[in-house]
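Only one structure is covered here, and it is reproduced in the block below.
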Amino acid sequence: MSALSQMLVILGLISLFHAAYSAHEFSAIATKLHVKPDLPLDIKLETLTAVFLACFGLVLGSESLKPIAWAAWSGQIEKDGGAANPFRALEDRSSYLDIRAKRKEFAEWARNEGAAA
Numbered sequence: 382m383s384a385l386s387q388m389l390v391i392l393g394l395i396s397l398f399h400a401a402y403s404a405h406e407f408s409a410i411a412t413k414l415h416v417k418p419d420l421p422l423d424i425k426l427e428t429l430t431a432v433f434l435a436c437f438g439l440v441l442g443s444e445s446l447k448p449i450a451w452a453a454w455s456g457q458i459e460k461d462g463g464a465a466n467p468f469r470a471l472e473d474r475s476s477y478l479d480i481r482a483k484r485k486e487f488a489e490w491a492r493n494e495g496a497a498a
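All the letters of the sequence shown, read from the start, carry residue numbers 382 to 498 under this note's numbering.
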């Protein structure tokens, strides 16, 4: 994350906490007065601005997007090497049974048994 994005996120979060505290104080005062008014416009705008700043800072500091196309993604994985492959554990598992090889072995065994009998 760059310094600008970190500052935007921190500023957004501080402003969001301040808006929440202001809303709490306003509701506490309104409860004491036995009134049910809406939140003031400045608290609503501060909340929306704070959320926007925090989200913008997070988006600004995020990593670059990965390719969406499967071929481009798998090509990038092949270039990077096997460590980045999320399916490596499935492909390299030792308990994997190769059905085609077993069928071939069975066909050869059946032919040898048929020829011997």
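Built from N, CA and C at the ideal position, the CB exists for glycine as well.
Of the residues the options, the one placed nearest residue i, counting alpha carbons only
| i | options | result |
| --- | --- | --- |
| L397 | D423, A431, I391, K413 | A431 |
| L389 | Q457, F407, S443, L414 | S443 |
| A404 | K425, L385, I458, K413 | K425 |
Same chain only: Cβ atoms within 6 angstroms of residue i, ignoring 5 sequence neighbours per side
| i | result |
| --- | --- |
| A428 | It should be noted that the sequence gives Thr, not Ala, for residue 428. Closer than 6 angstroms at Cβ, skipping near neighbours: A400. |
Close Cβ partners of residue i (< 8 angstroms) along its chain, the five nearest in sequence each way excluded
| i | result |
| --- | --- |
| P418 | A411 |
Cutoff 7 angstroms; reference residue i; Cβ partners in own chain excluding five residues on either side
| i | result |
| --- | --- |
| L386 | It is worth fixing the name first, because residue 386 is Ser in this sequence and not Leu. The residues are G438, L441, G442. |
| L434 | L389, L392, G393, S396 |
| I458 | A465, N466 |
Distance between beta carbons of residue j and residue i, contact taken as under 8 angstroms
| i | j | result |
| --- | --- | --- |
| F407 | L420 | 6 angstroms |
| W454 | K460 | No, W454 and K460 are not in contact; Cβ-Cβ is about 11 angstroms, not under 8 angstroms. |
> Which whole runs of the alpha helix (DSSP H) in the segment 430-467 are 4 residues long or more, in chain order?
Replying inline: The qualifying runs are 451-461.
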